[in-house]
Amino acid sequence: MTRREFGLLLSAAGASAEPRRKMELAMGPFPALDRRSPLRVVTESTEDAGTYTRSKITFEPEPGRTVPAWLLVPKGKGRTRAALCLHQTTRIGKDEPIGRGPKVNLHYAKELAERGWVCLAPDYPSFGDYTIDFDRDVYARGYQSGTMYAIVNHTRAVDVLVAHQRVNAKKLAVIGHSLGGHNALFVAAFDSRLKAVVTSCGFNAFAKYYGGNLKGWTSQRYMPRIADVYHNSPREVPFDFTDVFEAIAPRAVFVNAPLRDANFEVSGVRDVASAVSAKFPKGRLVVEHPDAEHDFPRNVREQAYAFLKIHT
């Protein structure tokens, strides 16, 4: 897509899509997905996990490429709530939220499945089993960021959940920590089927991200345009997390923002929450500040799970 075509795409978007348009300037455009294209879900193995089954699967978000994931399905009959569960920056990727990593505070897919939720935990590109060459597999396909490539994966993961016989398609949520925390927000901004979001240690205002040094957002995995076009400057980047929240409102968002999070300094979270609070009906934006580091403490997770149940 040429720069002119990209500009025309943005101009054609409606006023109600303004926050998403601003995100697309840094991430590249959200593509027109062919929902008729088969997801080609393949089950590689299935394990009995007590109250639920755990299946290793792959699916195709677009023709010619596959995403590895875990699918957790509670035993029983009837349709139930479902959650897309996104992992943090960790070599083991999707294995962590399903309970295979040592950090028990990040086993939220396992815990939700034990509570009766269908859970889908995909790998983010380059983690877990998701081997990828970003130049060949992402940028040569026309994507302008690894972030938008992942958003497409995640919205098609929602399609996988919607198609499952045990899922109530009107009761969908997304949850994630750190890398998964901001990707939970990003996919919800572009997919209104997600009625509730839990973001743990996932964001703050760009001006307070490491004192305004945005280099951590600019690798091929994320948004290189922040460096190449917007010079790593919070003043130049065309969106901030206020826009992401506005794109989600008036749906429900639960924020875990620990007081001692070294990755996402807490006052920058408070800045965003204060700026967007009026966009959310009462009770639909909840922000918790546990006395913790970059973590998702048990008591806050319990609050998050209760929040998801209320708002799906």
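Using the working numbering, read the sequence shown as starting at 1379 and increasing by one per residue.
Ideal placement from N, C-alpha and C gives every residue a C-beta, glycine not left out.
Model, not experiment: these values are computed from the prediction.
Measuring alpha carbon to alpha carbon, tell me which residue in the options is nearest residue i.
i            : options                   : result
residue 1570 : 1603, 1529, 1602 and 1607 : 1529
residue 1668 : 1490, 1587, 1635 and 1492 : 1635
residue 1419 : 1485, 1537 and 1474       : 1537
residue 1442 : 1454, 1659 and 1415       : 1415
residue 1497 : 1608, 1540 and 1523       : 1540
residue 1599 : 1505, 1422, 1435 and 1411 : 1505
residue 1408 : 1685, 1568, 1630 and 1577 : 1568
residue 1594 : 1515, 1437, 1642 and 1578 : 1642
residue 1483 : 1675, 1410 and 1683       : 1675
residue 1698 : 1659, 1406 and 1413       : Nothing can be reported for residue 1698, as the shown portion of the chain is limited to 1379 through 1690.
residue 1396 : 1457, 1519, 1622 and 1681 : 1622
residue 1531 : 1561, 1650 and 1553       : 1561
Can you tell me which residues form a DSSP beta bridge with residue i?
i            : result
residue 1448 : 1434 and 1499
residue 1663 : 1631
residue 1426 : 1431
residue 1545 : 1458
residue 1554 : 1464 and 1577
residue 1421 : 1435
residue 1443 : 1440
Rounded to whole angstroms, what's the CA-CA distance from residue i to residue j? Just pull it up for me.
i            : j            : result
residue 1646 : residue 1501 : 28 Å
residue 1543 : residue 1573 : 19 Å
residue 1511 : residue 1517 : 9 Å
residue 1455 : residue 1607 : 51 Å
residue 1653 : residue 1620 : 7 Å
residue 1580 : residue 1656 : 21 Å
residue 1603 : residue 1453 : 45 Å
residue 1679 : residue 1526 : 28 Å
residue 1486 : residue 1547 : 20 Å
residue 1575 : residue 1688 : 12 Å
residue 1450 : residue 1535 : 13 Å
residue 1401 : residue 1624 : 11 Å
residue 1563 : residue 1577 : 7 Å
residue 1379 : residue 1427 : Model confidence at residue 1379 stands at a pLDDT of 33, short of 50, so the residue's coordinates are unreliable; what they give is reported in the following sentence. Near 46 Å, if we compare the C-alpha coordinates of residue 1427 and residue 1379.
residue 1492 : residue 1429 : 6 Å
residue 1478 : residue 1508 : 17 Å
residue 1488 : residue 1597 : 30 Å
What whole-angstrom Cβ distance do residue i and residue j have, given they're in contact under 8 Å?
i            : j            : result
residue 1584 : residue 1615 : 6 Å
residue 1495 : residue 1459 : 5 Å
residue 1633 : residue 1666 : 7 Å
residue 1436 : residue 1424 : That belief does not hold up - the Cβ atoms of residue 1436 and residue 1424 are roughly 14 Å apart, past 8 Å.
residue 1551 : residue 1690 : 5 Å
residue 1591 : residue 1610 : 7 Å
residue 1700 : residue 1684 : Residue 1700 cannot be examined here, being either before or after the span of the chain that is shown, 1379 to 1690.
residue 1410 : residue 1617 : With 8 Å as the limit, residue 1410 and residue 1617 do not qualify as a contact, their Cβ atoms being about 21 Å apart.
residue 1481 : residue 1447 : The pair is not a contact, with the Cβ atoms about 20 Å apart (cut-off 8 Å).
If contact is defined by three or more beta carbon pairs under 8 Å, each pair taking one atom from either stretch, is the stretch 1622–1642 in contact with the stretch 1670–1682? yes
Cβ contact check for the stretch 1546–1563 and the stretch 1464–1484: 3 or more pairs under 8 Å: These segments touch.
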